[in-house]
Amino acid sequence: MYSIDQLEAFVATAKTGSFSSAARSLNKAQSVVSQHVINLEIDCNAALFDRSGRYPQLTQAGHTLLSHAQVLLAQHQRLRSCAQHLDKPFISELTIGLDEGIPFQKLSSMVNQLEIDFPNTTLEFFTASSIDIVDLIDTDRAVTGIIFSELSIPSHIDYESIGSIKFDIYVAGTHPLAQQQVNNLANLKLHRQLLMRSRNNKSSDFQLALSPDIWYADNYYVLLELTLQGNGWCLLPNHIANEYVNSGRLVLLPSEFKDMGWHANVDVIQHHRYSLEPMFKQFRHSLRQLLTP
């Protein structure tokens, strides 16, 4: 019968590319990791790694087993986390990470209802880029995040899509691009781009670096101010830009195409150990109406 230790050794070896690296990641001796993999191969009656080269390579059987092993280990982690928290008292603090590109005013009524239903709950809010919020959830600094969808989410974080927010490309009314029609994205490369980036220098999946000349910020309101000052063009949420478009200080990029904007999906994320808590379940349920027109 396959053991968790065997599956962990197998997955770690496949992920790191060697038995020694897998041993370091699992904080075990290399001989122990190697033996776990050998025992798993015996149980499967199949070679999972080709050991003929310098580094072990997954065989076809190994590739077939890998995804199943990863799913089983993720479920085992959830089971272990659930078991560890069965005797814990009710969690009385909710720490929320919110991407600043998502309108907080729509969240306020839900927070008020949460206070009524859970009056002894302490609330704490962070504003950061979506990638930074994923890191906050991953390190337990926050338990719930409201972010723009990211392709890379750790397996122990649950997520649910709750809608989308429209982004468009904007420039200041005084910027050269405001006076000409853009025929294609290549035209944008001739001008400085203002781009969101996390505090660890990562950009969101939909924030593409197009120009060779880029200024960065981790805050949409900083990008907005830089755009208003004519420092470059920027992809901004419509709800942040609209006020300045109406006053004439900001211009939607003139384009030959009808719509060059993006609809960015918005997700609510939580560490799986909190997902079944009544407070978090109710808050997640309420968030499904956050972006309803």
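Residues in the sequence shown are numbered consecutively from -8, following this note's numbering.
No residue lacks a Cβ here, since even glycine has one placed at the ideal position from N, Cα and C.
Exercise. Quick one: what does DSSP say serine 155 is sitting in, helix, strand or coil?
Worked result: strand
Problem set entry | First and last residue of the uninterrupted alpha helix (DSSP H) at threonine 7 | -5 to 7
For this session: Confirm, please, whether the CB-CB distance from leucine 186 to glutamine 198 is below 7 angstroms.
Result: yes
Problem set entry | Host alpha helix (DSSP H) of glutamine 280 (start-end) | No alpha helix (DSSP H) contains glutamine 280, which DSSP labels as neither H nor E.
Exercise. To which residues of the same chain is tyrosine 211 closer than 8 angstroms at the C-beta, ignoring the five residues directly before and after it?
Worked result: Glu91, Gly92, Met187, Leu227, Pro228, Ile231
For this session: With distances taken Cα to Cα, identify the nearest neighbour of serine 140 among Ile156, His147, Thr130, Val134.
Result: Ile156
Exercise. Roughly how many angstroms separate the alpha carbons of arginine 279 and glutamine 184, rounded to a whole number?
Worked result: 33 angstroms
Exercise. How long is the line joining the alpha carbons of serine -6 and phenylalanine 1, rounded to whole angstroms?
Worked result: 11 angstroms
Exercise. Glutamine 198 by DSSP, collapsed to three states: which one?
Worked result: coil
Exercise. According to the Cβ coordinates, are threonine 218 and alanine 255 closer than 7 angstroms?
Worked result: no
Problem set entry | Three-state secondary structure (DSSP) of serine 189 | coil
For this session: Indicate whether isoleucine 260 and isoleucine 128 have their beta-carbon atoms separated by less than 7 angstroms.
Result: yes
Problem set entry | Distance between leucine 243 and asparagine 191 (C-alpha atoms, nearest Å) | 30 angstroms
Exercise. Along the chain, where does the alpha helix (DSSP H) that runs through leucine 23 open and close?
Worked result: Note that residue 23 is valine in the sequence shown, not leucine. Per DSSP, valine 23 belongs to the alpha helix (DSSP H) from 21 to 35.
Exercise. On the premise that histidine 262 lies in contact with isoleucine 148, defined as a C-beta separation below 8 angstroms, what is that separation, rounded to the nearest angstrom?
Worked result: 6 angstroms
For this session: Assign proline 110 to buried or exposed, taking buried as 16 or more other Cβ atoms, counted over all protein chains shown, within 10 Å of its Cβ.
Result: exposed
Exercise. Any idea what DSSP makes of asparagine 178, helix, strand or coil?
Worked result: helix
For this session: Could you tell me how far apart the beta carbons of leucine 5 and leucine 57 are, in whole angstroms, since I believe they sit closer than 8 angstroms?
Result: Looking at the sequence provided, one finds alanine at residue 5 rather than leucine. The Cβ separation is near 6 angstroms, so the contact holds.
For this session: Below 7 angstroms CB to CB, which residues in the same chain sit around serine 146 once its five sequence neighbours on both sides are set aside?
Result: Ala65
Problem set entry | Boundaries of the beta strand (DSSP E) in which isoleucine 260 is found, first to last residue | 253 to 262
Exercise. For valine 162, which residues does DSSP report across the bridge?
Worked result: Val242
Exercise. Which same chain residues, not among the five before or five after alanine 37, have their C-beta less than 7 angstroms away from its C-beta?
Worked result: Ala52
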